[in-house]
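A.B. asks: Encoded as structure tokens, here's the structure I'll be asking about.
There are 2 protein chains.
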Amino acid sequence: MRKERIDELTTEFMRKCRKSGYRITPQRMAIYRELLKDEGHPSIDEILAAVRNFLPNVSFDTVYRNLISFFEAGLIDSVEVYGGPRRFEPILDPHHHFRCTVCGRLVDFHSFYYDSLSVPDEIKREFNVEKIRITLEGVCKSCK
Amino acid sequence: MRKERIDELTTEFMRKCRKSGYRITPQRMAIYRELLKDEGHPSIDEILAAVRNFLPNVSFDTVYRNLISFFEAGLIDSVEVYGGPRRFEPILDPHHHFRCTVCGRLVDFHSFYYDSLSVPDEIKREFNVEKIRITLEGVCKSCK
DNA sequence: CTTTTTGCAAAGCGTTTGCATTGAA
DNA sequence: TTCAATGCAAACGCTTTGCAAAAAG
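Going line by line, the protein sequences match chains A and B.
Plus 6 on top of the position in the first sequence (first one is 1) and you've got the working numbering.
Plus 6 on top of the position in the second sequence (first one is 1) and you've got the working numbering.
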């Protein structure tokens with residue numbers, strides 16, 4: 007990602023933080039920045055390691071609590087990979103995931119076809135659907 | 007589910023077990039039977055409790071190991087609800103899930119539209135997709 | 001008889017919480 | 001100066017493993 011884009015998203019993030027009543031701390035800024043820099047789906051531990059390059063005393067706990075808070079406030083997204091630790095990603099554009107059941111690798115992909123899926127009427131009637139999660143599962147080339 | 011249907015599925019299950027090289031034990035039969043009887047998506051602990059009504063000395067461990075084995079052999083299905091314990095269900099017909107993000111309730115629904123979804127070509131080229139998981143997320147009536 | 005399965009117990013791993021201290025506003 | 005955020009440390013919940021005894025084939 008271009009540096010300008012990162013700065014832009016970071017500014018936007020700070021604005022949203024203030025709106026949600028979150029104070030701006032160096033830890034929070036670093037957590038969000040490292041999440042943006044990571045191209046994958048970093049776990050709490052991975053983000054912690056990255057943040058510690060800049061703020062060596064940050065605790066697991068701070069990273070944990072903040073990622074959860076950010077997610078709950080809708081500031082970032084959470085990818086739930088069963089069995090492994092919780093993973094996170096910045097909210098960029100809509101996408102879906104392929105997961106290799108052998109190596110556990112998680113791959114992003116885009117699909118307008120999937121993006122535009124509708125919700126069956128009988129579900130709409132009974133539930134307030136906010137999100138459609140589609141995960142393809144199978145085996146990736148290197149594991150085959 | 008009708009008793010005859012349960013017996014039929016149980017016989018089928020035993021046949022598959024033998025084919026997979028699994029020995030038939032009272033524990034295994036009870037585990038599968040209780041899984042069939044449960045209309046929801048029981049966790050290991052829930053199945054354990056049910057099984058213990060018949061076999062009081064069964065350990066968590068036996069239920070755990072067997073459910074995992076059954077799943078890996080394709081004898082039953084696994085529902086992965088992040089944050090909570092792993093859940094299981096017998097393989098009956100294809101269906102999808104709605105999850106309430108407030109109370110955590112997991113609801114089955116059927117949809118031919120979702121059943122017949124195809125996999126994008128660029129994914130097909132790179133991965134062997136075995137399964138499409140669709141989970142709708144939102145809020146159910148009682149939580150609204 | 002052989003080999004799998006079981007039950008037990010302990011360890012593992014990621015998550016979650018309580019509390020005193022620190023620091024943002 | 002106030003209240004939220006941090007760091008620490010411990011507890012927690014569910015999963016996973018090693019091993020000796022029991023049971024299936």
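From the three backbone atoms N, C-alpha and C, an ideal C-beta is built for every residue, glycine too.
My output table needs one value for isoleucine 97 of chain B: the three-state DSSP class, helix, strand or coil.
C.D. replies: coil
A.B. asks: Please state whether DSSP places threonine 107 of chain A in a helix, a strand or coil.
C.D. replies: coil
A.B. asks: Check this for me: beta carbons of arginine 21 of chain B and asparagine 72 of chain B, under 8 Å apart or not?
C.D. replies: no
A.B. asks: Roughly how many angstroms separate the alpha carbons of glutamate 18 of chain A and glutamate 78 of chain B, rounded to a whole number?
C.D. replies: 45 Å
A.B. asks: Distance cutoff 8 Å, beta carbons only. Does leucine 142 of chain B sit that close to anything in chain A?
C.D. replies: For leucine 142 of chain B, a Cβ of chain A is located within less than 8 Å of the residue's own Cβ.
A.B. asks: Here's the rule I'm using: 16 or more other beta-carbon atoms within 10 Å means buried, otherwise exposed. How should glutamate 136 of chain A be labelled?
C.D. replies: exposed
A.B. asks: Against cysteine 146 of chain A, what residues of chain B qualify as contacts under a CB-to-CB distance less than 9 Å, listed in chain order?
C.D. replies: Listed along chain B are Glu132, Phe133 and Asn134, each with a C-beta nearer than 9 Å to that of cysteine 146 of chain A.
A.B. asks: Excluding the 5 residues preceding and the 5 following serine 148 of chain B in the sequence, name in chain order all residues of the same chain whose CB lies nearer than 8 Å to its CB.
C.D. replies: Cys109
A.B. asks: Just to confirm, are phenylalanine 94 of chain B and proline 48 of chain B a CB contact at a threshold of 8 Å?
C.D. replies: yes
A.B. asks: Just mark phenylalanine 152 of chain A as buried or exposed, buried being the case when its beta carbon has 16 or more other beta carbons within 10 Å.
C.D. replies: Examination of residue 152 of chain A is not possible in this model, given that chain A is present from 7 through 150 alone.
A.B. asks: Could you give the residue range of the alpha helix (DSSP H) that holds phenylalanine 60 of chain A?
C.D. replies: Element bounds for phenylalanine 60 of chain A: n/a, residue is neither H nor E.
A.B. asks: Can you pull the chain B residues whose beta carbon is under 7 Å from the beta carbon of serine 117 of chain A, in chain order?
C.D. replies: Correct list: Pro126.
A.B. asks: Alpha carbon to alpha carbon, what distance is there between arginine 8 of chain B and serine 117 of chain A?
C.D. replies: 42 Å
A.B. asks: Anything in the region 75-87 of chain B with a Cβ closer than 7 Å to a Cβ of chain A? List those residues in chain order, please.
C.D. replies: For the region 75-87 of chain B, which is checked against every Cβ of chain A, the residues closer than 7 Å are Glu86.
A.B. asks: Would you say arginine 139 of chain B reaches chain A, if we count a Cβ-Cβ gap shorter than 8 Å as a contact?
C.D. replies: yes
A.B. asks: How close, in whole Å, do the beta carbons of isoleucine 138 of chain B and leucine 42 of chain A come, if the pair is a contact with beta carbons under 8 Å?
C.D. replies: No, isoleucine 138 of chain B and leucine 42 of chain A are not in contact; Cβ-Cβ is about 30 Å, not under 8 Å.
A.B. asks: By DSSP, does threonine 31 of chain A sit in helix, in strand, or in coil?
C.D. replies: Here threonine 31 of chain A sits in coil by DSSP.
A.B. asks: Hey, does phenylalanine 6 of chain A have any beta-carbon neighbour from chain B nearer than 8 Å?
C.D. replies: No information on residue 6 of chain A is available, as it lies outside the stretch 7 to 150 that chain A covers here.
A.B. asks: According to DSSP, is lysine 147 of chain B helix, strand or coil?
C.D. replies: helix
A.B. asks: Could one say the Cβ of isoleucine 50 of chain B lies closer than 8 Å to chain A's Cβ atoms, at least one of them?
C.D. replies: no
A.B. asks: Closer than 8 Å, CB to CB, is isoleucine 53 of chain B near chain A or not?
C.D. replies: no
A.B. asks: Which residues does DSSP list as the beta-bridge partners of leucine 142 of chain A?
C.D. replies: A:Phe104 and B:Ile138
A.B. asks: Quick check on the burial criterion: 16 or more other C-beta atoms within 10 angstroms. Buried or exposed for glutamate 132 of chain B?
C.D. replies: Residue burial is scored here from C-beta neighbours: glutamate 132 of chain B has fewer than 16 other C-beta atoms within 10 angstroms and is therefore classed as exposed.
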